[in-house]
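This report concerns only the one structure given below.
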Amino acid sequence: MNKAFTLTELVISFVILLLSVIILVGLSFNYLSILNSIKLRYFALNVAQAGIEYALALRNQQIEKGLSPWAGVSYKGTYCLNFNTSNRRIEVMSSSNPCPAEFPGYRRLITYNDFIDPNNTNLYNSQAIRVSSEVYFERDKIKLDVVLTRWHPTQ
């Protein structure tokens, strides 16, 4: 007696196999999308962190020159801070729009405010400054805040 599969059994097993493959492909595309989103946020966080480090380096640079720590950013507002590799200095440009960052597609905005009196617009004699580094990418934004004081390790 010959034992064989019926056409109905073959169709059912083929449909189950096809559905399994479709589900696995869908899950893998979802996984790749999540990984891409994580990568974008990781780069944005690095750009925001670089903005905070530029603000810290600018403060230290001004103190080492014997100037006010807030020279160059002495008014409440937004600025572009970038590192100039030729003279190894932090460059300051006033800006109302996000500045291009090191990575294409990312734009950084650094905001300075008086930490003690947020309404104070002249930061020159402030004791503590709140620095916010906002990075815009695609439709998202990442923001880091730090409070800088007049203290410097060489003092």
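Just so we're aligned, residue 63 is where the sequence shown starts under the numbering used here, counting upward by one.
Ideal Cβ positions, reconstructed from N, Cα and C, are used throughout, including at glycine.
Predicted, not measured: the structure shown is a model, and the values here were computed from it.
Alpha-carbon spacing of residue i relative to residue j, whole angstroms
{"i": "A117", "j": "N182", "result": "19 Å"}
{"i": "E164", "j": "V109", "result": "7 Å"}
{"i": "R103", "j": "A133", "result": "32 Å"}
{"i": "H214", "j": "Q189", "result": "13 Å"}
{"i": "F67", "j": "L80", "result": "18 Å"}
{"i": "E115", "j": "V208", "result": "10 Å"}
{"i": "S157", "j": "N187", "result": "22 Å"}
{"i": "K65", "j": "F76", "result": "19 Å"}
{"i": "K279", "j": "I85", "result": "A query on residue 279 cannot be resolved here, the shown segment of the chain reaching from 63 to 217 and no further."}
Residue burial classification, residue i (beta-carbon count within 10 angstroms, cutoff 16)
{"i": "Y137", "result": "exposed"}
{"i": "Q124", "result": "buried"}
{"i": "I74", "result": "exposed"}
{"i": "N184", "result": "exposed"}
{"i": "P162", "result": "exposed"}
{"i": "I191", "result": "buried"}
Test item: CB-CB of residue i and residue j under 9 Å
{"i": "L206", "j": "G113", "result": "yes"}
{"i": "S219", "j": "L210", "result": "No information on residue 219 is available, as it lies outside the stretch 63 to 217 that the chain covers here."}
{"i": "F199", "j": "F105", "result": "yes"}
{"i": "N135", "j": "Y168", "result": "Residue identity check: residue 135 is Val in the sequence provided, not Asn. No, the Cβ-Cβ distance between V135 and Y168 is not below 9 Å."}
Short CB-CB distance (under 9 Å) between residue i and chain D
{"i": "N144", "result": "Of the chains in the structure shown, none is chain D; there is only one protein chain."}
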